[in-house]
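What follows is a short report on a single structure.
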Amino acid sequence: MARSTFLGPAVTLALVAAVGVALPVLTQDSYHLDVATTVAMNLLLTMSLRLQLNTGQVNMAHISFMGIAAYASALAVTRLGLSFWIALPLAPLVAAAFAVPIGLVALRLSGPYYFLVTFAFSEVVRLVFNNFFVGLLGGASGLVDIPAPSPLLGLTFTDKPSQYWLMLMLFLLGAVVLVRLDYSRFGLLSGAIRQSELLAATLGVGVLRVKLTAFVIGAVWAGVAGAFFAHSHHVLHSSDFGLEPMVLLVAYTVIGGVGSVWGPIVGTILLTFTSEMLRELRAYETLVYGLVLILTMLFVPDGLVSIPGRLRRAWQRRRAGRADAMGVGVAA
Amino acid sequence: MLLELAGVSRRFGGLAAVADLSMTVAEGAIHGLIGPNGAGKSTVFNLVSGVLPVSAGAIRFRQAPITGLTPAEICRRGIARTFQATTVFREYTVRQNLLVAAQPRVNDGTLAALFRLRDYREREAAAVARTGELVSTLHLDLIADRMVAGLPHRDQKALSVGMALATGATLLLLDEPLAGLTLAETREVMDLLRTVRAGGITVLLVEHDMRAVMDLCDRITVLDHGTRIAEGTPREIQTDPAVIEAYLGAEA
Amino acid sequence: MTSVRSIACIMLVALFALAPVSSAAEKTLTIGLLGPLSGGAASYGVELLRGAEMKVDEINKAGGLKIGGDQYKLKLISYDHKAIAADAATAANKLVFQDKVKFIIGNAVGATCNAVQTVTEPQKVLFAFVCWGTKNLGPDKPYSFRSMLSQWEAAEPFYRWIKEKHPAIKRVAIISPNDTSGLDTNTAVVKAIKALGFELVAEETYERGTKDFYPLLTKMIAQKPDMIDVAAAPPGEAALLVKQARELGFKGAKGWTAGTNPFNLIEVAGKEAAEGIWSPVNINVKSDFVSPAVRKFGEEYEKRYKELPGVIAVANYAAFDVFTKSMVDAQSVEPEKVLTAITAKPHDTVWGKVVIGGKDTYGIDRQFLYPLVISEVRDGKVVDVAQTVPAALKK
Amino acid sequence: MTLNVLVQALLNGFGLAMAYVLVALGLTLIFSILEIINFAHGEFYMFGAFVTYLAFTQVKAPFVLALLAAIVVVGLAGGVAERLVFRHLRGKTLNAFIVSLGLLWVMQAVAQIIFGIQDKSVPSAFSGVLRLGGVFISIERFAVIVCATLLIVALYAFLEWTRVGRAMRAAAQDADGAALQGVNIELISALGFALGCALAGASGALLAPVLSVSPWMGALPVVKAFIIIILGGMGSLPGAVLGGLILGVVEGVGTLFFSSAAVNMLGFLMVIAILVLRPRGLVGGA
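Chains as they are written, first to last, in the working numbering: chain A, 1 to 332; chain B, 1001 to 1252; chain C, 2001 to 2395; chain D, 3001 to 3286.
Right, here's the structure in full:
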């Protein structure tokens, strides 16, 4: 977890918030706002996914927790008559209730087995959304007519700008929590586990505890994104929580850089722009997008966010090289 | 006795890396563990630190059994170790490496961390303070904030010993801390080990530099093919025929 | 300094002066299109696109549309949503708010239509599609049209024809993919079967992309059906179903209620397996039942794309036809006016006469109704055997 | 539920199982040597199918030649992919996942651009149907069972009795250990990756005439391969065969009693159950 960002966590976070706040002032175009809302939602999803990827393994179930919370929130509002503002905090807890058992199972495994058990779980959840409890979940034609968030303190959330503001606030809340976590002992330990799980264990770090915490906190914030998604898209379908959207989230996070809490932000924004730009290319879109993934991973394995760090270290090494030559060693 | 191994063995398939080994380590001593390559020294470290489960026998620390505990639990009981191939967190700075090791007994309470509760802040401050002390005792001040990946091998070795100390352990298992060091650096680390012993910390030392072992250790256990062939003071070990035979091959 | 500024002003004034002088200004009307253009369901998306391109090029070659004193050239913008609901909503947003389209003609794969409608209905954008979900049309969705006969229009007349021409068939087994259109097709076919006195012996669904149907077919054949209807299976999978059914010893009749492209089915399944399969919804561009316009369309399509068109390509071609003719009738490109023009009277299209109906099924007249041609595959060729005209057209 | 139907259901299950075992063996071979899961493994299966499609339609090659062509061409492509891309990613789970995801999209897009979007049939060297009492199986499928089994036996022989094969198994057990014994790891991992892809290509070639070809045909077989290696245990050849048979029986017989969605879910629930009880899979291979 590279602590040494240039500007320190608080300033960087403020910068991100400033850009987010400035955006609706710059453009009222609903398409831009829609893309911006999706980006803000994906930022929350990738930052919470990074928490878990940072321990070094690919978790394919993250999108399922988003789905579970989305359906839970939609049903809480449409069937139980709860207000959105009650469903919003409850839905992530439902996701967490699923995340604890699955986490305990998955985290005892490593490498490919972890990937496969989370993949298996995500497919079971997708199949349930598509084929089972059809009366409740809407089955293959999806859950439709999910109302927009009910008004709060006189504010309504039915149009694009207001939904953007809501998602931006949810993202910033999540970002603050995730950044504080990252710059705390928890962040230090999960980064240590990623670099060498054995060394961390022999130094007294409760590896399973840290990993499970990352897994469940990740599921909670994915749940928040899910609740928002349900009430802003008004339609839920199993294809939104299948393999394709999940691998995209992993790509945003790893291309951005798993090693730093800022990695997913860089990855999500750049890759979302790339795919929107490539939208006209149709069949060539997936071709170019695939090449972008391959080339980035080969030339920048630690993700785009590691580039400034690498440049600075190269500069530092050149400076230090001169220092050693002058005999300023360590213990002399 | 601080550490006791009773009839400990570890088999990999047919091969017995450690066979029915019994030995004890006195508190406050520097206890040498020597033997030719493949004698099972690193395996003993892996068994004591919980990285490998024993095939048979029991290990007791302060009279309490620790066989079967996880490496993290054993570390919290007070046993820290380094690895033969110096393993450190390469993407972290020196200070961050020490900080990871500095709080084994603190539960990594994330909620506490989240809301910066008072006791979390105190323990965090204590850890940072301890890290500061260690940086100076290990003379790592100049490179304290440099990324470990770029550091020369000797600094990384010093850091790995420092991290073992940072856990606040009372028993250190050091796996060849002097390997690859110059004469000056070897003397430097030996002084460090003496100050560590003076601070009441016990050291179990695996090392091939015989002069350093004979100079440093209070007692020495000699392993060959996984079993104990001798134990005693440095002088006794130097004159023990079984040891000479194991090291120099059947001369006579 | 001042001289430069004054020259600039004079030029500006001149520019404005010129603008209103030219009367018949050349304008562009942008029309949007969505669909799965990659992934498993891509054959639907690409056929929609090709049908649209054919009509747009045809109109532009003939000089465009003459509306309200202006000459409009058509511009087509299409986006790929890979059959993912959230992607479809984002693409729709881009079309409506970025590209400022007022008409989206063409979309496929059920769940994506619901998602797109959350954008097009509030923005009063006219939206024509071939999605088969029953919830896609309704009084609460006045700006949405289905440009192709769906299972609700085809199942009942199809099974009525079977009852009359093949009375021996009593026991029917049906199978479809387990997505929106698949499940809706099964529901419609079951309703028609029960209403006409057939016996439903098996109703199965499969995960889209399945290729090995031996297990499912074994279960269905064990019920001894007289006929297997591969309902909403796309051409590739329908071909594998009939081929494998034959391998498993099934000798009975074969139906394909949602048969969109029998030529592709014959190519993949082979002549023997495809022999005798009936489908009510497809269009055979080569048969003598159809109007010369369709035959011409089929030839041009085959020349341009080296493949025979499926019914979806013809449907979207006809949808563009109806929409553009209505714009000329209404002499406006305002969705409200074009909407009234579309629903005002029947239209002459490549299908022949098309009426906008379906009130009894959906509660609103937004379904393209045109003659239903039932075809049969004989010795590798698609032969039209019957034609039924929807009640609304008889008036 | 007559006996005929039950026997037919069992035969359906075993029918194509061996071909999916080939895909699983390729996946587990690559994993054990390079410690990465090749997410694009299904696309090499598709590649093999299209090579056979071209061999039959353009060159009218006989069945065996088309199968060999698929194995060689896809194997070479696998070797090139390893040399260019995958050898830098040994053990880097996250990076390897993203690279193989990128490769998946590239291969699907290229196939769509070259071969278009409509499913295509591959003429089969075998026609006609075998009828044993009330039970049916097309000769085409019977050929798949025979060829796939022969290929598995050949692979087993190669890994057991040839020098390169044993070196591969050594590298699979412990890459560093093998390197110490003079095994040329660079060469072996390239050959291993090539062989893994060739196995998938062979499966694609065998199944192309039975199941038709399309650019997206690789998605389902790779999921089946995932399930098979979990049932059988990663890295064990007999385990993969056992896993393939179990999955075949579950799908063949299960479909008689449950909906296809429920049978699909059963496959994934088995994976979860096994990983909870035995984290290394049933047979618990290397």
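The beta-carbon is built from N, C-alpha and C at its ideal position, and this holds for glycine as well.
*Rounded C-beta distance between C:V2382 and C:S2287? I'm assuming under 8 Å.*
Taking the third sequence and counting its residues from 1, one reaches residue 2382 of chain C at position 382. Taking the third sequence and counting its residues from 1, one reaches residue 2287 of chain C at position 287. C:V2382 to C:S2287, Cβ: 7 Å. Contact.
*Of all the CB atoms in chain A, is at least one closer than 8 Å to the CB of D:W3216?*
Locating residue 3216 of chain D in the fourth sequence gives position 216, where the first residue counts as 1. Not one chain A Cβ lies under 8 Å of D:W3216.
*Are the stretch 2196-2207 of chain C and the stretch 2134-2141 of chain C touching by the rule of at least three beta carbon pairs closer than 8 Å?*
Because the criterion of three Cβ pairs below 8 Å is not met, the stretch 2196-2207 of chain C and the stretch 2134-2141 of chain C do not touch.
*Does the stretch 3158-3166 of chain D come within contact of the stretch 3239-3256 of chain D, defined as at least 3 CB pairs closer than 8 Å?*
Not touching, per the Cβ criterion.
*Residue of B:T1093, B:A1246 and B:T1186 minimising C-alpha distance to B:D1141*: In the second sequence, counting from the first residue as 1, residue 1141 of chain B sits at position 141. The residue with the shortest Cα to Cα distance from B:D1141 is B:T1093.
_For A:L311, the three-state DSSP class (helix, strand or coil)_ = Translated into the one-based positions of the first sequence, residue 311 of chain A becomes position 311. A:L311: helix per DSSP, three-state reduction.
*On the premise that B:L1204 lies in contact with B:L1159, defined as a C-beta separation below 8 Å, what is that separation, rounded to the nearest angstrom?*
Working through the second sequence from its first residue, we reach residue 1159 of chain B at position 159. Working through the second sequence from its first residue, we reach residue 1204 of chain B at position 204. In fact, because the Cβ distance is near 20 Å, the residues do not count as touching under 8 Å.
_Beta carbon of C:E2376 nearer than 8 Å to that of C:W2278_ = Translated into positions along the third sequence, residue 2376 of chain C becomes position 376. Translated into positions along the third sequence, residue 2278 of chain C becomes position 278. Yes, Cβ-Cβ distance for C:E2376 and C:W2278 is below 8 Å.
*asked:* Using a Cβ-Cβ cutoff of 9 Å, what residues of the stretch 250-280 of chain A are near chain C? List them in chain order.
replied: Those residues of the stretch 250-280 of chain A that come within reach of chain C (Cβ to Cβ, closer than 9 Å) are E276, R279 and E280.
*Look up C:Q2123 in the DSSP assignment and say whether it is helix, strand or coil.*
Working through the third sequence from its first residue, we reach residue 2123 of chain C at position 123. Coil.
*Excluding the five sequence neighbours on either side, which residues of its own chain have a C-beta within less than 7 Å of the C-beta of C:V2021, listed in chain order?*
On the third sequence, residue 2021 of chain C is found 21 positions in, with the first residue counted as 1. In this prediction, C:V2021 has a pLDDT of 47, which is less than 50 and means its spatial position is unreliable; nothing more can be read from the coordinates.
*Under 8 Å, do C:A2231 and C:V2268 count as touching if we go by C-beta distance?*
Walking along the third sequence from the start, residue 2231 of chain C turns up at place 231. Walking along the third sequence from the start, residue 2268 of chain C turns up at place 268. Between C:A2231 and C:V2268, the gap from beta carbon to beta carbon reaches 8 Å or more.
*asked:* Judging by CA-CA distance, which residue of C:L2217, C:I2228 and C:Y2206 is the nearest neighbour of C:I2193?
replied: Sequence index remark: in the third sequence, residue 2193 of chain C carries index 193 (1-based). Residue C:I2228 is the option with its Cα nearest to C:I2193.
*Go through the stretch 2230-2255 of chain C residue by residue and report every complete run of the beta strand (DSSP E) that reaches 3 residues or more, in order.*
With a minimum length of 3 residues, the continuous beta strand (DSSP E) runs that stay inside the stretch 2230-2255 of chain C are 2253-2255.
_Beta-bridge pairing of B:F1061 - partner residues as DSSP gives them_ = As a first step, residue 1061 of chain B must be located in the second sequence, where it is residue number 61. DSSP lists B:L1003 and B:A1064 as the bridge partner or partners of B:F1061.
*Report the rounded CA-to-CA distance for C:A2315 versus C:P2346, giving the unit in angstroms.*
Within the third sequence, numbered from 1, the residue matching residue 2315 of chain C stands at position 315. Within the third sequence, numbered from 1, the residue matching residue 2346 of chain C stands at position 346. Distance between C:A2315 and C:P2346, taken at the CA atoms: about 16 Å.
*By DSSP, does A:Y114 sit in helix, in strand, or in coil?*
Within the first sequence, numbered from 1, the residue matching residue 114 of chain A stands at position 114. It is helical.
*With a cut-off of 8 Å on the beta carbons, I'd call C:E2247 and D:F3136 a contact; round off their distance for me.*
For the purposes of this step, residue 2247 of chain C is identified with residue 247 of the third sequence, where counting begins at 1. For the purposes of this step, residue 3136 of chain D is identified with residue 136 of the fourth sequence, where counting begins at 1. Taking C-beta atoms under 8 Å as the contact rule, C:E2247 and D:F3136 qualify, at a distance of about 6 Å.
*asked:* So with CB distances below 9 Å, who are the chain D contacts of A:V340?
replied: Because chain A here runs from 1 to 332, residue 340 of chain A falls outside it and cannot be looked at.
*State the Cα-Cα distance for the pair A:D159 and A:H233, rounded to the nearest angstrom.*
For the purposes of this step, residue 159 of chain A is taken as the residue at position 159 of the first sequence. For the purposes of this step, residue 233 of chain A is taken as the residue at position 233 of the first sequence. Pairing A:D159 with A:H233, the inter-Cα distance amounts to about 11 Å.
*Should D:V3241 and D:I3152 be called a contact, given that it needs their Cβ atoms to be closer than 8 Å?*
By 1-based counting over the fourth sequence, the position of residue 3241 of chain D is 241. By 1-based counting over the fourth sequence, the position of residue 3152 of chain D is 152. With respect to the 8 Å criterion, D:V3241 and D:I3152 are classified as neighbours on the basis of their beta carbons.
*Report yes or no: do three or more beta-carbon pairs, one from the stretch 3008-3020 of chain D and one from the stretch 2206-2218 of chain C, lie closer than 8 Å?*
These segments touch.
*Extent of the continuous beta strand (DSSP E) run through C:E2204*: Position 204 of the third sequence, counting from 1, holds the residue named residue 2204 of chain C. Element bounds for C:E2204: E2199 to Y2206.
*Should D:P3221 and D:Y3053 be called a contact, given that it needs their Cβ atoms to be closer than 8 Å?*
Along the fourth sequence, one-based indexing puts residue 3221 of chain D at 221. Along the fourth sequence, one-based indexing puts residue 3053 of chain D at 53. No; because the gap between Cβ atoms is not below 8 Å, this pair is not in contact.
_Short of 7 Å in beta carbon distance, which residues of its chain neighbour B:K1041, apart from the five on each side in sequence? Order them along the chain._
Numbered from 1 along the second sequence, position 41 holds the residue referred to as residue 1041 of chain B. Result list for B:K1041: L1033, G1035, V1206 and L1223, in chain order.
*C:P2225 and C:V2172 closer than 8 Å at C-beta*: Here the question's residue 2225 of chain C lines up with position 225 in the third sequence. Here the question's residue 2172 of chain C lines up with position 172 in the third sequence. The answer is yes: Cβ separation under 8 Å.
*Report the three-state DSSP secondary structure of C:T2349 (helix, strand or coil).*
The sequence position of residue 2349 of chain C within the third sequence is 349, counting from 1. Strand, per DSSP.
*Return the chain-ordered ranges of every beta strand (DSSP E) run that is complete within the stretch 67-98 of chain A and spans a minimum of 3 residues.*
For secondary structure counted as the beta strand (DSSP E) over 3 or more consecutive residues, the stretch 67-98 of chain A holds no complete run.
*Under 6 Å Cβ to Cβ from B:G1150, same chain only, skipping five residues before and after it: list those, please.*
Locating residue 1150 of chain B in the second sequence gives position 150, counting from the first residue. Within the same chain, no residue comes within 6 Å of B:G1150 by CB-CB distance, once the 5 residues on both sides are set aside.
*Looking at the structure shown, is C:L2049 part of a helix, part of a strand, or coil, going by DSSP?*
Reading the third sequence from its first residue, position 49 is the one you call residue 2049 of chain C. The three-state reading of DSSP puts C:L2049 in helix, counting H, G and I together.
*Helix, strand or coil: which one does DSSP assign to A:W262?*
In the first sequence, residue 262 of chain A corresponds to position 262, counting from 1. Here A:W262 sits in coil by DSSP.
_C-beta atoms of A:L281 and B:V1100 nearer than 8 Å_ = Taking the first sequence and counting its residues from 1, one reaches residue 281 of chain A at position 281. Taking the second sequence and counting its residues from 1, one reaches residue 1100 of chain B at position 100. With a cutoff of 8 Å on beta-carbon distance, A:L281 and B:V1100 are scored as not near each other.
*Is DSSP giving C:P2309 helix, strand or coil here?*
Within the third sequence, numbered from 1, the residue matching residue 2309 of chain C stands at position 309. Three-state DSSP puts C:P2309 in coil, outside helix and strand.
*With 7 Å as the limit, tell me which residues of the stretch 293-313 of chain A have their beta carbon closer than that to any beta carbon of chain D; keep them in chain order.*
Taking 7 Å as the Cβ-Cβ cut-off against chain D, the residues of the stretch 293-313 of chain A that qualify are L293, I294, M297, L298 and P301.
*Taking three-plus beta-carbon pairs below 8 Å as touching, is the stretch 1075-1093 of chain B in contact with the stretch 192-212 of chain A?*
Yes, since at least three Cβ pairs between the stretch 1075-1093 of chain B and the stretch 192-212 of chain A fall closer than 8 Å, the two stretches touch.
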